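Student:
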Amino acid sequence: MLYSYQVKEGVINLGIIKSAVLDKINHLRRKMLVHSYLYYALDSSIVDDITFDRWAKELVLLQKEYPSEASQCVYNESFKLFDGTTGFNLERDAWVESAARRLLQTHKELEKKNG
Numbered sequence: 163m164l165y166s167y168q169v170k171e172g173v174i175n176l177g178i179i180k181s182a183v184l185d186k187i188n189h190l191r192r193k194m195l196v197h198s199y200l201y202y203a204l205d206s207s208i209v210d211d212i213t214f215d216r217w218a219k220e221l222v223l224l225q226k227e228y229p230s231e232a233s234q235c236v237y238n239e240s241f242k243l244f245d246g247t248t249g250f251n252l253e254r255d256a257w258v259e260s261a262a263r264r265l266l267q268t269h270k271e272l273e274k275k276n277g
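Sequential numbering of the sequence shown, starting at 163, is according to my numbering.
#1: Just to confirm my understanding: we take V209, look at its own chain, exclude 5 residues before and 5 after, and list those with CB closer than 7 Å. What are they?
#2: Can you tell me which of the three DSSP states L223 falls into?
#3: Comparing C-alpha positions only, which one of W217, L190, A232 sits nearest to K180?
#4: Taking only the alpha-carbon atoms, compute the straight-line gap between L195 and K274 and give it to the nearest angstrom.
#5: Going by Cα to Cα distance, which pick from K226, C235, S207, L200 is closest to N188?
#6: So V183 and L224 are supposed to be a Cβ contact under 8 Å. How far apart are they, rounded?
#7: N188 by DSSP, collapsed to three states: which one?
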């Protein structure tokens, strides 16, 4: 199990674990969507392939280990068949495009500022 149990008076609080799993899957899915959009739609990348692959493997593992929770997360349809090998076919809606463009702009500004 990737998350530690919080035990209070001998009872495991599964609600906290479920919430942590949902948050992590949602976070990883959004990262995969945004960085896939950067790479495939904008021909740009701000993370290396090793980092992207690590995120993808973690997401695939969580979705397999917690299928019920994964089905409740954002962009569920887009990630039902996601195996971590590519983000090419992931959804590209207005939120994804906007988030990717904002992230890329911020990244460019920081690069320029930091030389």
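Ideal Cβ positions, reconstructed from N, Cα and C, are used throughout, including at glycine.
Note that the coordinates shown come from a computational prediction; the quantities given were computed from them, not determined experimentally.
Tutor: Walking through what the data contain:
#1: H197
#2: helix
#3: A232
#4: 25 Å
#5: C235
#6: 7 Å
#7: helix
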